[in-house]
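Asker: In my numbering, the protein residues as written are 803 to 1053.
Right, dumping it as structure tokens:
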């Protein structure tokens, strides 16, 4: 009898058989939950949403300012010794902590949507530890790139886009390296390469469009997106991830 295989964004009905040496057992009465994200991904989304609510709706103004100073990433802080040593906590936290802060609900929801879609695909294959590893390195790559672009800038960099872009790059890399089928634009190597080119073009467009169109005061830090994506794309080739699961469908 037919049964279903759930992959990110798609459900495929097939007959009983062996797939690449993996025994697949059907569960005809089992329904897939609407939101079937790995715990690491759903927890991170919960933290981002909860932090946004607390920051913008519950904190008094003076605490809001303190959180922004501690967690938002200011490139100039890292090129001046006095600023670097003035607030050691902020110096340590902000290169990753800036991913907790978003400029609007639209900004937050876009990042959470991408996190659920692409972060889930990555975490299912490589596990929670490597998922967080890619996320944090993507955040660091975005921060370092913004410092390289404008080292004297005192404009705060906020948002998880650079880190999420690294997860997206990681999924693309797994398709290219291991021929995993993650559905959507990552069905095979050819479509993955097409998507990579599309993503690069889209990020250049982001750099030309005012941030107000995306609900953000200021410009879109497309350089951070690009840096995170490139790092995520290269990382599985430099630091091979653990193989949590065999792929169910390969091309």
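Glycine residues also receive a C-beta, built at the ideal position from the N, C-alpha and C atoms.
#1: Applying the criterion that 16 or more other CB atoms from any shown protein chain within 10 Å of the CB defines a buried residue, is residue 1004 buried or exposed?
#2: Can you give me the C-alpha to C-alpha distance between residue 854 and residue 995, rounded to a whole angstrom?
#3: So, at 8 Å on beta carbons, what are the nonlocal neighbours of residue 1039 in its own chain, with the 5 sequence-adjacent residues on each side left out?
#4: Counting only the same chain and skipping the five closest in sequence on each side, list residues whose C-beta sits under 6 Å from that of residue 1011.
#5: May I have the straight-line CA-CA distance separating residue 1037 from residue 943, to the nearest angstrom?
#6: From the DSSP output, which residues share a beta bridge with residue 1021?
#7: Can you confirm whether residue 1042, when its beta carbon is compared against all beta carbons of chain B, has any partner nearer than 8 Å?
#8: Output the distance between the C-alpha atoms of residue 889 and residue 920, rounded to the nearest integer angstrom.
#9: Tell whether a beta-carbon distance below 8 Å holds between residue 844 and residue 913.
#10: Within 10 angstroms of its Cβ, does residue 909 collect 16 or more other Cβ (buried), or is it exposed?
#11: Indicate whether the contact test is met: 3 or more Cβ pairs, each with one atom in the stretch 896–903 and one in the stretch 864–879, closer than 8 Å.
#12: If the criterion is Cβ atoms closer than 8 Å, does the pair residue 936 and residue 968 meet it?
#13: Run through the stretch 909–975 for me and flag every whole beta strand (DSSP E) of 3 or more residues, listed as ranges in chain order.
#14: Could you tell me how far apart the beta carbons of residue 1042 and residue 925 are, in whole angstroms, since I believe they sit closer than 8 Å?
#15: I'd like the span of the alpha helix (DSSP H) that includes residue 877, first residue to last.
#16: Tell me the residue span of the alpha helix (DSSP H) that contains residue 749.
#17: Distance check for residue 851 and residue 1034, CA to CA, integer angstroms please.
Answerer: Let's see:
#1: Burial call: exposed.
#2: Near 35 Å, if we compare the C-alpha coordinates of residue 995 and residue 854.
#3: Answer for residue 1039: 975, 979, listed in chain order.
#4: Answer for residue 1011: no residue qualifies.
#5: Straight-line Cα distance between these residues: approximately 12 Å.
#6: Its beta-bridge partners are 1012.
#7: Absence of chain B from the displayed structure is noted, only one protein chain being present.
#8: Computed Cα separation, rounded: 35 Å.
#9: Taking 8 Å as the Cβ cut-off, residue 844 and residue 913 do not qualify as a contacting pair.
#10: Answer is buried; the Cβ neighbour count reaches 16.
#11: Enough Cβ pairs lie closer than 8 Å, so yes.
#12: Between residue 936 and residue 968, the C-beta gap is smaller than 8 Å, which places the two residues in contact.
#13: Here no run is fully enclosed.
#14: About 16 Å; that fails the 8 Å criterion.
#15: Counting along the chain, residue 877 falls outside any alpha helix (DSSP H), and DSSP gives it neither H nor E.
#16: Residue 749 cannot be examined here, being either before or after the span of the chain that is shown, 803 to 1053.
#17: Rounded to whole angstroms, residue 1034 to residue 851 spans 24 Å at the Cα level.
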